[in-house]
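Novice:
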Amino acid sequence: MVEHNLGLTDVYNLVHNRYGRSDAAIRQVRDLHVELDVAVRDAYGWSDLDLGHGFYQVRGQGDRFTFSPEAGDEVLDRLLELNKVRYEAEVAAGLHESAKEVSVTTTQLANQGSLLWGGR
213 MVEHNLGLTD VYNLVHNRYG RSDAAIRQVR DLHVELDVAV RDAYGWSDLD
263 LGHGFYQVRG QGDRFTFSPE AGDEVLDRLL ELNKVRYEAE VAAGLHESAK
313 EVSVTTTQLA NQGSLLWGGR
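Mapping to the working numbering: the sequence shown position 62 is 274, numbers consecutive.
1) Measuring alpha carbon to alpha carbon, tell me which residue in Ala283, Arg276 and Glu300 is nearest Tyr231.
2) May I have the straight-line CA-CA distance separating Asp222 from Pro281, to the nearest angstrom?
3) Tell me whether the beta-carbon of Trp258 lies closer than 8 Å to the beta-carbon of Arg298.
4) What does the Cβ neighbour count give for Leu294, buried or exposed, with the cut at 16 atoms within 10 Å?
5) Starting from Gln269, follow its DSSP beta bridges and name the residues at the other end.
6) Helix, strand or coil for His308? Go by DSSP, reduced to three states.
7) Leaving aside the five residues before and after Glu286 along the sequence, list all residues of the same chain whose C-beta is less than 7 Å from its C-beta, in chain order.
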């Protein structure tokens with residue numbers, strides 16, 4: 213964006229503005245973010261997850277070009293489960309000397325809301 217005399221903040225203000233200027237360079241930045249998100253999703257083996265990129269309200273940040281709230285909730289759920297599985301494997305391997313069994317119900321998890329969108 214040097215040719216337009218735009219700094220990084222200005223560029224991202226345009227990336228996240230659904231009604232503002234959307235020239236080829238801004239669309240390319242959005243496309244690159246989609247490619248990066250897809251690559252990370254695929255690296256986790258979650259190619260079944262439709263990320264649904266578009267403009268969404270993000271808590272505390274307003275309108276943003278990002279993946280859908282539903283995809284965000286699913287990613288967080290899967291990461292939470294992955295973290296639990298890995299922790300349990302570490303406990304089984306004796307890597308946590310004072311490990312206590314912590315039970316979290318599905319209802320408790322469902323009622324915690326979303327880190328990104330403020331609720332389910």
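Ideal Cβ positions, reconstructed from N, Cα and C, are used throughout, including at glycine.
Specialist: Put simply:
1) Out of Ala283, Arg276 and Glu300, Arg276 has the C-alpha closest to the C-alpha of Tyr231.
2) The C-alpha of Pro281 is placed about 25 Å away from the C-alpha of Asp222.
3) In this structure, the beta-carbon distance from Trp258 to Arg298 does not fall below 8 Å.
4) So Leu294 ends up on the exposed side.
5) Beta bridge pairing from DSSP links Gln269 with Asp275.
6) Reduced to three states, the DSSP call for His308 is coil.
7) Closer than 7 Å at Cβ, skipping near neighbours: Leu261.
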